[in-house]
Amino acid sequence: MPTVAFTTALQRFLAAPTTQVQGATVAEALAAVFAARPGLRGYLLDDQGALRRHIAVYVNGRPVGDRGRLSDEVGPRDEIYVFQALTGG
Amino acid sequence: MADCLHVGTRKGLFELRQRKGAWEIVDTHFLGDPVSALLAEADGSVYAALDLGHFGAKLWRRDGSSAWRELPVPVFPPKPADALDDPHPWSLGKIWSLEPGGVPGRLWAGTMPGGLFRSDDGGASWALNDALWRMPERRQWMSVAGGEQPGIHSVLVDPRDPADVRVGVSTAGLWASGDAGASWRIINRGMYNEYMPPERREDPIAQDVHRLARCAARPEIMWCQHHNGVFRSQDAGANWREVTAIRPSKFGFAVAAHPRDPLVAWFVPAIKDERRIPVDGKVVVARTRDGGESFEVLSKGLPQRHAYDLVWRHALAVDASGERLAFGSTSGGLWISEDGGESWTMPEARLPPIAVVRFAAA
Numbered sequence: 053m054p055t056v057a058f059t060t061a062l063q064r065f066l067a068a069p070t071t072q073v074q075g076a077t078v079a080e081a082l083a084a085v086f087a088a089r090p091g092l093r094g095y096l097l098d099d100q101g102a103l104r105r106h107i108a109v110y111v112n113g114r115p116v117g118d119r120g121r122l123s124d125e126v127g128p129r130d131e132i133y134v135f136q137a138l139t140g141g
Numbered sequence: 008m009a010d011c012l013h014v015g016t017r018k019g020l021f022e023l024r025q026r027k028g029a030w031e032i033v034d035t036h037f038l039g040d041p042v043s044a045l046l047a048e049a050d051g052s053v054y055a056a057l058d059l060g061h062f063g064a065k066l067w068r069r070d071g072s073s074a075w076r077e078l079p080v081p082v083f084p085p086k087p088a089d090a091l092d093d094p095h096p097w098s099l100g101k102i103w104s105l106e107p108g109g110v111p112g113r114l115w116a117g118t119m120p121g122g123l124f125r126s127d128d129g130g131a132s133w134a135l136n137d138a139l140w141r142m143p144e145r146r147q148w149m150s151v152a153g154g155e156q157p158g159i160h161s162v163l164v165d166p167r168d169p170a171d172v173r174v175g176v177s178t179a180g181l182w183a184s185g186d187a188g189a190s191w192r193i194i195n196r197g198m199y200n201e202y203m204p205p206e207r208r209e210d211p212i213a214q215d216v217h218r219l220a221r222c223a224a225r226p227e228i229m230w231c232q233h234h235n236g237v238f239r240s241q242d243a244g245a246n247w248r249e250v251t252a253i254r255p256s257k258f259g260f261a262v263a264a265h266p267r268d269p270l271v272a273w274f275v276p277a278i279k280d281e282r283r284i285p286v287d288g289k290v291v292v293a294r295t296r297d298g299g300e301s302f303e304v305l306s307k308g309l310p311q312r313h314a315y316d317l318v319w320r321h322a323l324a325v326d327a328s329g330e331r332l333a334f335g336s337t338s339g340g341l342w343i344s345e346d347g348g349e350s351w352t353m354p355e356a357r358l359p360p361i362a363v364v365r366f367a368a369a
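Protein chains in written order, with our numbering: chain A, 53 to 141; chain B, 8 to 369.
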């Protein structure tokens, strides 16, 4: 099962522990996380389900290609890392 | 008088209370997070909308001195195929205004990108007002200067009739519903917008309404700080007359209406419009007590030398007494008056840029 890990910046607002979930794409893996933690969804995705502009998702250290539908495929040993792209002051 | 003041800033929410005649910060909330809207209800509940840079718009509520709990935010429905050419996103940018709906549990939220939402359960759930959002004219709404989306900044509910709702839009004039949001029409006549092409200057939808306020005891009396001037209406926003006596300048964002006296209102003018700083580096409040026929420029206690504070549209408030006012600036200046604006004091604090100030009864 792929692993999903979250930036510590998120932990200030709500619990987001590293978890192993079922899923063959980034979207499926995140959907499994949101099923257990529904409050997390709106922190990462906009109302249409796309990644928020200042959120980055990497798989094994490389950014996902599809930020709109998160269709990038993931395998059982892959690590999905969710973090914020820093902006502003 | 309201003895509690909430101040929403770029870096958190500050709670002030008056103690022994002086206002002081008694608590801080959401330190480090931008606050975009506030509402303090008569029952002691407080709503704080946050605009988190990375994680989106959030909404929190607390009752009295209880702990804050996170509420769902308004969410736009899936964008349908026939809206692919909609110039505005179907996704919440930020909550820009929060107002009580006049019946228990009801709230209105005005947002960027221009969606109006209603809750009938104290913010536990929200529904997009489809009638306004799906009006073809909504796609003509222009973006707020410096932003990328239009926004609903003013929601005025008639205190005599909760089904009578009027919203002010930057930039798209004033829209009214007489049936609690089931249908809408644009109503503002008599305004003009100098920066538009000549043939569109008087078009109601082209009006750059910065902020609307109404007299609670005489709801038909409305005031507007418009991009290029101050306007007053005596028929709840349908017909407007320019208030040319405003000084020292006619540009600004904020307006407050006296809760009982229909002739009294306050403004915080600035130099228009690309520069947006106080005239001559002096922070002043303009007050009329005769329905806009004349203005007093009030400066006692306000910085009069090298002050470059701008006051945003939600950062001026008057309480139910009509005597106590507060305003906050983009430089973090915060001033409170106990005498209708005659004189002002500044609490001991250096605050972040202020977006919104709101009095609470409790």
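Glycine included, every Cβ here is placed at the ideal spot set by N, Cα and C.
For B:Pro85, the neighbours in chain A by C-beta distance under 9 Å run, in chain order, Asp99, Gln100 and Gly101. Excluding five sequence positions before and after A:Ala79, the CB atoms of its chain that fall closer than 7 Å to its own CB belong to Arg121, Leu122 and Ser123, given in chain order. The beta carbon of A:Arg89 sits no closer than 7 Å to any beta carbon of chain B. Where B:Glu303 is concerned, there is no enclosing alpha helix (DSSP H), although the beta strand (DSSP E) around it starts and stops at Glu303 to Leu305. Closer than 7 Å to the CB of B:Ser98 there is at least one CB belonging to chain A. Per DSSP, A:Leu82 is one residue of the alpha helix (DSSP H) stretching across Val78 to Ala88. Going by C-alpha positions, A:Ala81 is about 17 Å away from A:Gly113.
Interface with chain B (7 Å Cβ-Cβ cutoff): A:Gln63 is excluded. Just measuring C-alpha positions, the residue of B:Arg17, B:Val33, B:Ala9 and B:Pro84 sitting nearest B:Glu355 is B:Val33. Against chain A, a Cβ distance below 8 Å from B:Val82 picks out Gly94 and Asp99. Per DSSP, B:Tyr54 is one residue of the beta strand (DSSP E) stretching across Ser52 to Leu59. The C-beta of A:Arg104 comes closer than 7 Å to at least one C-beta of chain B. Nearest to B:Glu303 by alpha-carbon distance, out of B:Ser336, B:Ser256 and B:Ile278, is B:Ser256. Partner residues in the beta bridge of B:Ala263, as assigned by DSSP, are B:Trp273.
Nearest in C-alpha terms to B:Pro84, of all of B:Ser73, B:Pro96, B:Asp92 and B:Trp75, is B:Pro96. Put simply, the region 258 to 272 of chain B does not touch the region 203 to 211 of chain B. Fewer than three CB pairs are less than 8 Å apart. Rounded to the nearest whole angstrom, the CA to CA distance from A:Val56 to B:Glu77 is 24 Å.
About 7 Å separates the beta carbon of B:Val216 from that of B:Val176, a gap short enough to meet the 8 Å contact definition. The beta carbon of B:Gly129 lies closer than 6 Å to those of Gly112 in the same chain, with the five residues before and after it left out. In the DSSP assignment, A:Tyr95 falls outside any beta strand (DSSP E) and lies within the alpha helix (DSSP H) extending over Arg93 to Leu96. Closest option to B:Ile194, judged by alpha-carbon separation, among B:Ala179, B:Arg208, B:Asp40 and B:Ala187: B:Ala179.
Rounded to whole angstroms, the separation of the alpha carbons of B:Leu105 and B:Ala134 is 14 Å. In this structure, B:Ala55 and B:Leu45 form a Cβ contact; the two beta carbons are roughly 6 Å apart against a cut-off of 8 Å. Interface criterion not met: the Cβ of B:His95 is under 7 Å from no Cβ in chain A. Checking the DSSP bridge columns, you'll see B:Asp40 has no partner listed. With respect to the C-alpha of A:Tyr95, the residue from B:Gly63, B:Ala277, B:Leu181 and B:Ala49 having the closest C-alpha is B:Gly63. Under the three-state reduction of DSSP, B:Asp242 is assigned to coil, being neither helix nor strand.
Partner residues in the beta bridge of B:His321, as assigned by DSSP, are B:Val363. At a beta-carbon threshold of 7 Å, the residues of chain B lying near A:Ile107 are His61, ordered along the chain.
B:Lys18 and B:Ile361 have their C-alpha atoms some 9 Å from each other. Taking 7 Å as the CB threshold, A:Gln136 lines the interface with chain B. In the structure shown, A:Leu62 falls within a helical segment according to DSSP collapsed to helix, strand and coil. Between B:Asp165 and B:Gly185, the CB-CB gap reaches or exceeds 7 Å. Taking C-alpha positions only, B:Val53 is separated from B:Lys101 by approximately 18 Å.
Judged by pairs of C-beta atoms under 8 Å, the region 126 to 140 of chain A does not touch the region 310 to 321 of chain B, as fewer than three such pairs exist. Only buried fits B:Lys65, as 16 or more other CB atoms lie within 10 angstroms of its CB.
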